[in-house]
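Protein chains in written order, with the numbering used here: chain A, 1 to 685; chain B, 1001 to 1251.
The beta carbon of each residue, even a glycine, is placed where N, CA and C say it ideally should be.
Have a look at this one:
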């Protein structure tokens, strides 16, 4: 102790003993203190990146111009209306330098081409991270409260989705994710409101369970609840991982609460005397194009067919024969809002198809299940479970109300603070990781989590995560002029008796009319301007193939003559294009020389035969509709308008706009209108 | 004076020692091979690509199909239980990064490409009997613009330019008298300048004295669309497209 004191006092004496020396020492200390700031800047991370950048461009051919554009110091993009303060360009120096597109040394590579200017939008809007930070650790990896690490590239499309509520052509992953929110029924439980206030609507069609006992057995319901994917690999119904007792009790309640469906009085029941024709089953299934909507798992394990309706691989295990017959007869009796059309099958056809479908069964499926009759306590327990699990959020169930706000709202899930998330042990603390893990294994986050297990591929999970990450607080705070609204589905409903027919045939399941309907088949909003009366009548009566390369086709609905006429009249009268005037047809008569000139234009100047067939002997084009009978199908006014500008009549059609002169279009129209069916359809024999 | 000197010396050595140990530990950690837990039971001498090469994916996302390689011995018979390690440049990740070949001699991994849009040279390596055997695999990652191009190509072009047919999507290639060039055909397309490709897309085949079967898309596609299409054609060209580069005046 003594020694230390002695040393200290001698040091003090040595430094400050003499006033002049003291002045010198204090000056030195001051000088050092003043040097701290410049030194800190000199040794800072961004400064070293700027030096590396200068070294990188030193030997390049365009070094002088690159060096001229290089500004030392901290760079900042400040966009007050977007809340952007980004200093990323301090280190990412080559973002706007076209010649640095080949540089693989980051952070100097040129930014890939995107539709927006980097100066106009900054970086963090799309990439996340901390724009104000000037070190890599803080900018890219910060997990502090209110901050978020940078977004991994695989979810980058979520950045677009903050402003663009519509489906962009360049963001397939985001678009798929958004479709899935509706398709997989996420929004039945989780409310999702877009920044413009519109709600994301479910697009699946969970069947009503109010009459479930008419349709199937308790044993099937039990095995379905235990593992839906074992029955149908492609079903969107999630697995609730129920115990045998719970599944048994729920099935008991569903059967108990089911009420028999009122008998359909409008259509006479199928007489049991009708004999099915088993050999005609497969061809009837094929002719009716059931596979356009329903899938079947083939021997190789692939699910083949459409996904509009349920998979039918094991339908025989599920459906009761009498229910299936009644359903094929008229599906709207059991479910008034089903997307399935009423085919108007003959009793013989119904019996044939029912027998064919009933044979689609798996003898192993559900074998060995024996359920004892349930006690009232068990039934009550089943109801309790249904309420707890939220089954009624999707399905109509007698005696259970549809729960409101059953699961957390997800409208701003993309901005969920990391501090509010309980991560699994060993998991990287980022929001995308959490969302993906929650979708993949919801029950891993605790046994009390109600969210069921969905069966999704990795790509689907990523797509869903992308759509969810796009729902940010920033997106909601965006100025309105920057927001691109989603195109909402209209609530268009065709009117009158024809409207009823259109609903019964479920035309809107595949076709689009006035902004509502499916996308499997062409938009028919302007069909009345497009086609000729006789062709339409014949087509509705017996649809023939227009586009040979498509595998989804219009089925035949066995319409009677009056229904056929009713529909034809309605379509021709109502679905008219405002831009096409049939009375102003450019070719009232077809002078032979115009037809000949049109033929030359067709084959040489415009080479239409690369995609279309007019002469089946020589032409092979396979992309567009076959035109052998186009003169009996299209109106001249439509054909002319189409040739002039196809996209104006059908946005997004692949036929290019050839910028035809009026004369060329007129001659081609004359040639096309001369292509009548050989003595047949349309020419009215 | 002497004491102070030794003190400094010991301090120096201990620091050095500490540094060395630290370096050794971290170095060790760094070089811990991914296959530490895998015990190879056999060795092969030839690596063959089974499937999953030459895929076109998107930056930062997993490729659609897994990469499968097969280990064979000198007689061309598959070797089960051989170790295969997958390697790629920075940003590329494999799941798993190393695997033992299965009963049919194949090792499978899922590949996620890096964030840079480029052609990635990956390799699969197996220890082999005498020296390690490696196999080069090429995958391509598309950036935003190239992918927009690929979506447009899918919609407007590939029905004719791609001879691959599937039941869902029948190719029109065989129906055409003059055969279109597949977009991967670098031997032809690499020789065409961006200006040539632009004018053939905008004005159709006759613009370059080629077949009229190629229609003009100038009134259908936007300028950005055409640029995207060309970027896509350049990205998938095989052999790879080498831009001519800019010529700068040197002082």
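Does residue i come out as helix, strand or coil in the three-state DSSP assignment?
{"i": "residue 1170(B)", "result": "coil"}
{"i": "residue 175(A)", "result": "helix"}
{"i": "residue 181(A)", "result": "helix"}
{"i": "residue 247(A)", "result": "helix"}
{"i": "residue 609(A)", "result": "helix"}
{"i": "residue 323(A)", "result": "helix"}
{"i": "residue 103(A)", "result": "coil"}
{"i": "residue 1119(B)", "result": "strand"}
{"i": "residue 523(A)", "result": "strand"}
{"i": "residue 1028(B)", "result": "Residue placement at residue 1028(B) is flagged as unreliable, the pLDDT there being 41, under the threshold of 50; the coordinate-derived value follows with that caveat. Three-state result, residue 1028(B): helix."}
{"i": "residue 1234(B)", "result": "helix"}
{"i": "residue 1129(B)", "result": "coil"}
{"i": "residue 261(A)", "result": "coil"}
{"i": "residue 198(A)", "result": "coil"}
Where residue i and residue j are concerned, what is the direct C-alpha to C-alpha distance, given to the nearest angstrom?
{"i": "residue 1185(B)", "j": "residue 38(A)", "result": "56 Å"}
{"i": "residue 1222(B)", "j": "residue 1204(B)", "result": "15 Å"}
{"i": "residue 165(A)", "j": "residue 224(A)", "result": "36 Å"}
{"i": "residue 8(A)", "j": "residue 22(A)", "result": "16 Å"}
{"i": "residue 1024(B)", "j": "residue 107(A)", "result": "Any answer about residue 1024(B) is weak, because its pLDDT of 44 lies below 50 and its placement is not dependable; what the coordinates show is given next. Residue 1024(B) and residue 107(A): Cα-Cα distance of roughly 29 Å."}
{"i": "residue 194(A)", "j": "residue 349(A)", "result": "47 Å"}
{"i": "residue 655(A)", "j": "residue 404(A)", "result": "48 Å"}
{"i": "residue 1065(B)", "j": "residue 453(A)", "result": "24 Å"}
{"i": "residue 1029(B)", "j": "residue 91(A)", "result": "In this predicted model, residue 1029(B) has a pLDDT of only 41, less than 50, meaning its place in the structure is not dependable enough to derive any value."}
{"i": "residue 1120(B)", "j": "residue 246(A)", "result": "52 Å"}
{"i": "residue 153(A)", "j": "residue 456(A)", "result": "21 Å"}
{"i": "residue 1162(B)", "j": "residue 1240(B)", "result": "18 Å"}
{"i": "residue 653(A)", "j": "residue 1104(B)", "result": "47 Å"}
{"i": "residue 283(A)", "j": "residue 328(A)", "result": "16 Å"}
{"i": "residue 627(A)", "j": "residue 1164(B)", "result": "25 Å"}
{"i": "residue 614(A)", "j": "residue 640(A)", "result": "17 Å"}
{"i": "residue 132(A)", "j": "residue 87(A)", "result": "5 Å"}
{"i": "residue 1183(B)", "j": "residue 509(A)", "result": "36 Å"}
{"i": "residue 766(A)", "j": "residue 298(A)", "result": "Nothing about residue 766(A) can be reported from this structure: the residues present for chain A run from 1 to 685 only."}
{"i": "residue 82(A)", "j": "residue 479(A)", "result": "8 Å"}
Is residue i close to chain A, meaning its C-beta is less than 7 Å from at least one C-beta of that chain?
{"i": "residue 1236(B)", "result": "no"}
{"i": "residue 1055(B)", "result": "no"}
{"i": "residue 1220(B)", "result": "yes"}
{"i": "residue 1215(B)", "result": "yes"}
{"i": "residue 1233(B)", "result": "no"}
{"i": "residue 1117(B)", "result": "yes"}
{"i": "residue 1049(B)", "result": "no"}
Using a Cβ-Cβ cut-off of 7 Å, state whether residue i counts as contacting chain B.
{"i": "residue 484(A)", "result": "no"}
{"i": "residue 182(A)", "result": "no"}
{"i": "residue 112(A)", "result": "yes"}
{"i": "residue 656(A)", "result": "yes"}
{"i": "residue 553(A)", "result": "no"}
{"i": "residue 610(A)", "result": "yes"}
{"i": "residue 170(A)", "result": "yes"}
{"i": "residue 624(A)", "result": "no"}
Quick one: what's got a C-beta closer than 7 Å to residue i's C-beta in the same chain, skipping five residues either side?
{"i": "residue 95(A)", "result": "89, 110, 111 and 118"}
{"i": "residue 1176(B)", "result": "1160 and 1213"}
{"i": "residue 220(A)", "result": "317, 318 and 366"}
{"i": "residue 147(A)", "result": "130"}
{"i": "residue 1096(B)", "result": "1109"}
{"i": "residue 492(A)", "result": "513, 514, 515 and 516"}
{"i": "residue 280(A)", "result": "352"}
Who are the near neighbours of residue i in its chain, counting only those whose CB is closer than 8 Å to its CB and skipping five residues on each side?
{"i": "residue 1188(B)", "result": "1181"}
{"i": "residue 529(A)", "result": "575, 576, 577, 580, 582, 635, 637 and 638"}
Enumerate in chain order the residues of its own chain whose CB-to-CB distance from residue i is below 6 Å, with the five nearest sequence positions on each side excluded.
{"i": "residue 145(A)", "result": "419"}
{"i": "residue 1021(B)", "result": "Low confidence applies here, because residue 1021(B) scores a pLDDT of 44, under 50, leaving its location unreliable; read the following figure in that light. No residues qualify anywhere along the chain."}
(message) Below 8 Å, how does it come out for the segment 540 to 560 of chain A and the segment 280 to 291 of chain A: are there three or more Cβ pairs, yes or no?
(response) Yes: at least three Cβ pairs fall under 8 Å.
(message) Any contact between the segment 484 to 504 of chain A and the segment 556 to 569 of chain A? By contact I mean 3 or more CB pairs, one from each, below 8 Å.
(response) For the pair of segments examined, the segment 484 to 504 of chain A was found to touch the segment 556 to 569 of chain A: the number of CB pairs separated by less than 8 Å reaches three.
(request) Give a yes or no on contact between the segment 146 to 161 of chain A and the segment 440 to 449 of chain A, applying the rule of three or more CB pairs nearer than 8 Å. (result) The segment 146 to 161 of chain A is not in contact with the segment 440 to 449 of chain A.
(message) Does the segment 1162 to 1179 of chain B come into contact with the segment 1070 to 1084 of chain B, if we say contact requires no fewer than three beta-carbon pairs (one atom in each stretch) closer than 8 Å?
(response) These segments do not touch.
(request) Report yes or no: do the segment 132 to 143 of chain A and the segment 1040 to 1048 of chain B share at least 3 C-beta pairs separated by less than 8 Å? (result) Taking 8 Å as the limit for Cβ pairs, the verdict is that the segment 1040 to 1048 of chain B does not touch the segment 132 to 143 of chain A.
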